[in-house]
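Protein chains in written order, with this note's numbering: chain W, 1 to 221; chain U, 222 to 442.
Quick reminder that beta carbons are idealized off the backbone N, C-alpha and C, glycines included.
Computed from a predicted model, the values in this text were never measured in an experiment.
2 protein chains.
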Amino acid sequence: MEDELSLGLIVKESLETRGFEVNYCQDGRSGLSSFKEYKPDICLLDIMLPIKDGFTLAQDIRKLDARVPIIFITARSQTPDVVKGFELGANDYIKKPFSMEELIVRIKARLSDNSGLIEQQDAQRSFVLGKYQFNYDKQVLDFQWKEKKLTHREAEILRLLCIHRNRVLERSLVLDKVWGDDNFFNARSMDVFITKLRKYLADDPEVEILNVRGIGYKITY
Amino acid sequence: MEDELSLGLIVKESLETRGFEVNYCQDGRSGLSSFKEYKPDICLLDIMLPIKDGFTLAQDIRKLDARVPIIFITARSQTPDVVKGFELGANDYIKKPFSMEELIVRIKARLSDNSGLIEQQDAQRSFVLGKYQFNYDKQVLDFQWKEKKLTHREAEILRLLCIHRNRVLERSLVLDKVWGDDNFFNARSMDVFITKLRKYLADDPEVEILNVRGIGYKITY
DNA sequence: TTTCTTGCTTAACACAAGTTAACAGAATAT
DNA sequence: ATATTCTGTTAACTTGTGTTAAGCAAGAAA
């Protein structure tokens, strides 16, 4: 959805070259009906559009979809315009002239915002360790019929180990992620947790938490 | 976290004038330790910082927290710098010179990205918890044929837990939202409510309220 | 070997949270 | 007006969790 025929077409074609599917409209009214029809993943709007301006279009789109990312791409670079853009629910505001590379990283940034929570859920939350089954959310470690309840700390450390299966997990990374502070005492505390986890995992000799002296730990299974 | 003493201070003071709480660091290393200590809602980084540059700092922060918004504010406006910034996980990239108004709307835009889903869920008033059905407005918890009436307090706490499903719900947040005051006695009172809720939810072992020592509770189902 | 460092293990400890019951005030019923 | 029930708070005691310390074991360096 762009104004100047030439620039709009250039953007459209550049994006298509990089694998984006683009719906290009030359005025605000057709922009809105195109939005309704195609339900795009993201909207790039100019402000100065014929028939219905970009600000109004953004408002209309927001009424239909509170979450779709809206980026203004416009020559109107005055602060009040930028502020208005954001206040109408835009997620970014790019001033002309701009480079295609910058436009693309900004598009990707806004696309990935919305998948943020999904990504988080993607982060693995359940693991099979040899004959054990570990569920991070429930904080339980199952072995055959018996179930061992883990504390939050235990579960966090075990999850970090599992995510780094067969690779070295640095002590400092665990300390920063779990304790938020890498100091001597927390490091000693972590030793204690490693001992506990090894005890819990002792029933299957295939599963081992190996030490990498001076660096960290590595789980193998 | 800024470089030029003067500009950084101006930004800090402008933001404070508008009610933001600002932690200003003059080099990358202190920026990182300040991040660990204060867990800010958003990070504004310059690229050219003494000791540890802003790109590296951004990477370090991303390792600790995959979701906190990071905005680069910098004089380095070349496209490759912008691209690098976004690739390291930045959420916006503002080029100097900029207006405070623009900075503020961009900060707000990034802050609201992350709270978007939470806000939306804040409105949720009815939940399915494993085999239970919980209606916040009616203050009832249904299990199969039987219906348990909840008190207002019980319903409020259960709702907060549900909204934060599989995430840790901080004690202080509950105390502030439900009691309006986070003190020792209210905290003990909250313990009693947690015990009650666990009893009510005991019929489905899939539903559990887990404790996270020193922080709060997490419901899983 | 000796010496130094790093990691392992156990136990004691402090404090956070769990449980139960008694209590007090408010709301409701008699 | 009085009794009863409901709701939330307070208290006392128990249990759970994470930290600290101390001694020992294993590796690396001298």
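Whether residue i touches residue j by CB criterion (9 Å)
i: U:Ile378; j: U:Val361; result: no
i: W:Lys108; j: U:Phe307; result: yes
i: U:Asn312; j: W:Asp113; result: yes
i: U:Lys317; j: U:Phe276; result: no
i: W:Gly28; j: W:Leu49; result: yes
i: U:Leu309; j: U:Arg283; result: yes
i: U:Lys430; j: U:Leu381; result: Per the sequence shown, the amino acid found at residue 430 of chain U is Ile instead of Lys. Taking 9 Å as the Cβ cut-off, U:Ile430 and U:Leu381 do not qualify as a contacting pair.
i: W:Asp65; j: W:Lys52; result: no
i: W:Ile73; j: W:Leu44; result: yes
i: U:Lys352; j: U:Glu258; result: no
i: U:Cys246; j: U:Ser235; result: no
i: U:Glu237; j: W:Val82; result: no
Status (buried if at least 16 other CB within 10 Å, exposed otherwise) for residue i
i: U:Gly401; result: exposed
i: W:Pro80; result: exposed
i: W:Asp122; result: Its pLDDT being 48, under 50, W:Asp122 is placed unreliably by the model, and the measurement read from it follows with that caveat. With fewer than 16 Cβ atoms within 10 Å of its Cβ, W:Asp122 is classed as exposed.
i: W:Ala58; result: buried
i: U:Tyr442; result: buried
i: U:Arg392; result: buried
i: U:His385; result: buried
i: U:Leu230; result: exposed
i: U:Tyr438; result: buried
i: W:Arg18; result: exposed
i: U:Tyr314; result: buried
i: W:Lys146; result: exposed
i: U:Leu290; result: The sequence shown places Pro at residue 290 of chain U, rather than the Leu named in the question. Answer is buried; the Cβ neighbour count reaches 16.
i: W:Glu119; result: No answer about W:Glu119 holds up, because its pLDDT of 42 lies below 50 and its placement is not dependable.
i: U:Ile186; result: The displayed coordinates of chain U run from 222 to 442. Any statement about residue 186 of chain U would go beyond what the structure contains.
i: U:Lys260; result: exposed
Contact list for residue i against chain W, beta-carbon separation under 8 Å
i: U:Arg434; result: Thr151, His152, Arg153
i: U:Lys257; result: Asp176, Gly180, Asp181
i: U:Glu429; result: Lys138
Close Cβ partners of residue i (< 8 Å) along its chain, the five nearest in sequence each way excluded
i: U:Gly337; result: Interpretation of U:Gly337 is limited by its pLDDT of 47, a score under 50 that renders its predicted location unreliable; the figure taken from the coordinates is listed afterwards. Within the same chain, U:Gly337 has no close Cβ partners at all.
i: U:Arg374; result: Val399, Phe414
i: W:Asn166; result: Lys218, Ile219, Thr220
Proximal residues to residue i (C-beta, below 6 Å), its chain only, five neighbours per side dropped
i: U:Asn407; result: Leu396, Trp400
i: W:Pro133; result: Correcting the residue type first, residue 133 of chain W is Gln in the shown sequence and not Pro. Asp142.
i: U:Asp224; result: Low per-residue confidence applies at U:Asp224: pLDDT is 47, beneath 50, and the placement is therefore not dependable enough to give any value.
i: W:Arg76; result: Ile47
i: W:Lys196; result: none
Closer than 7 Å at the beta carbon, the chain U residues around residue i
i: W:Ser99; result: Thr300
i: W:Asp113; result: Asp334
Under 9 Å by beta carbon: chain W residues contacting residue i
i: U:Leu285; result: Asp176, Lys177, Gly180
i: U:Val289; result: The contacting residues do not exist; U:Val289 stays about 11 Å from chain W at best.
i: U:Val303; result: Ser99, Glu101, Glu102, Val105, Arg106
7 Å Cβ shell around residue i - same chain, five flanking residues per side excluded
i: U:Tyr357; result: Arg346, Ser347, Ala376, Arg380
i: W:Tyr200; result: Leu141, Lys148
Amino acids of chain W, ordered along the chain, whose beta-carbon sits closer than 7 Å to that of residue i
i: U:Ala330; result: Phe86, Asn91
i: U:Thr441; result: Asp137, Lys138
- Compile a chain-ordered list of the residues in the stretch 131-151 of chain W whose CB is closer than 8 Å to at least one CB of chain U. Per Cβ criterion, the list reads Asp137, Lys138, Gln139, Thr151.
- Query: Which of the residues in the stretch 159-188 of chain W, read from start to end, lie with their CB under 8 Å from any CB of chain U?
  - Reply: Leu173, Asp176, Lys177, Gly180, Asp181
- Item | Members of the stretch 17-43 of chain W that neighbour chain U once the beta carbon cut-off is set at 8 Å | none
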